[in-house]
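Protein chains in written order, with the working numbering: chain U, 474 to 591; chain F, 26 to 135.
Glycine is no exception: its CB is placed at the ideal position from the N, C-alpha and C atoms.
What follows is a single structure, written as structure tokens, with notes after it.
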Amino acid sequence: DTGVSQNPRHKITKRGQNVTFRCDPISEHNRLYWYRQTLGQGPEFLTYFQNEAQLEKSRLLSDRFSAERPKGSFSTLEIQRTEQGDSAMYLCASSPTLRLAGGWETQYFGPGTRLLVL
Amino acid sequence: KNEVEQSPQNLTAQEGEFITINCSYSVGISALHWLQQHPGGGIVSLFMLSSGKKKHGRLIATINIQEKHSSLHITASHPRDSAVYICAVRSVQGAQKLVFGQGTRLTINP
């Protein structure tokens, strides 16, 4: 399978615990994005990497959230001291830097990690 | 007010009906995407548009840049089309991130 993969697919944790999610993008995709989606809503942008550089962070990404992409390949998203409001689907997407005809690129989404904080 | 608004939020129709989902946005954009999300979370990109109209099978997407409006049409709808359809824009200001609508939940009954 050469698509975007995310692990774990589901995570249940108690409030106050730390959790870490992993995203493996499509090979050779330079750009990697994290989004959060709560029930009944569309996804919201969290952060974006080009290679290993984190180039943009949403104000949604509080101090308890940190994302890394140390070697420019896989990425991790860590949430410290989880709160019930962190319960959501966390989506990862990747895209190549080479622009397709028309001047922009498609983002390819992973299956998501569903987090439930009790 | 959200930058991207979709209507309707929920739509139920009978198999074979012609479906229209609307998306309005309030920012300048460089691209608009229509995405499909099935239960379980997986998102698939259906179309990317910057002008005019695109067709893929029974799906048609149109965009009117002047009116800041896009529509997704499904002809001869089928129960397997049941999913959440999401409109997302890449704004001129934030060129790398997508701003999403809240989604339209479509249910096609046999």
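Rounded separation between residue i and residue j - CA only
i	j	result
A574(U)	E525(U)	Unreliable positioning characterises A574(U) in this predicted model, as indicated by a pLDDT of 44, which lies under 50. The coordinate reading is nonetheless provided below. Their backbone Cα atoms lie some 26 Å apart in a straight line.
L36(F)	R509(U)	24 Å
H483(U)	Q523(U)	27 Å
P481(U)	Q490(U)	16 Å
L591(U)	I88(F)	43 Å
A561(U)	S548(U)	18 Å
E40(F)	Q34(F)	19 Å
P569(U)	E501(U)	7 Å
G576(U)	G53(F)	Low per-residue confidence applies at G576(U): pLDDT is 43, beneath 50, and the placement is therefore not dependable enough to give any value.
E94(F)	Y50(F)	Per the sequence shown, residue 94(F) should be read as His rather than Glu. Cα to Cα, the separation comes out at about 6 Å.
S539(U)	N134(F)	43 Å
Within chain F, the residues that residue i reaches when beta carbons sit closer than 7 Å
i	result
G515(U)	I111, F125, G126, Q127 and G128
F538(U)	What F538(U) touches in chain F: nothing, since even the nearest Cβ is about 16 Å away.
Residues bridged to residue i [DSSP beta-bridge criterion]
i	result
N480(U)	R495(U)
F518(U)	Y508(U)
A566(U)	Y506(U) and F582(U)
H98(F)	T45(F) and I85(F)
H58(F)	M73(F) and A113(F)
F125(F)	A113(F)
Minimum C-alpha distance to residue i - residue among the options
i	options	result
S76(F)	A38(F), L123(F), I85(F) and H103(F)	I85(F)
R587(U)	T475(U), C565(U), I499(U) and R537(U)	C565(U)
L131(F)	S32(F), Q121(F) and M73(F)	S32(F)
**Asked** Are three or more beta carbon pairs between the stretch 108 to 116 of chain F and the stretch 44 to 61 of chain F nearer than 8 Å?
**Response** With a cut-off of 8 Å, the stretch 44 to 61 of chain F and the stretch 108 to 116 of chain F count as touching, because enough Cβ pairs lie within range.
**Prompt:** Would you say the stretch 40 to 53 of chain F touches the stretch 491 to 511 of chain U, given that touching needs at least three Cβ pairs under 8 Å?
**Reply:** Counting C-beta pairs closer than 8 Å gives fewer than three between the stretch 40 to 53 of chain F and the stretch 491 to 511 of chain U, which falls short of the contact rule.
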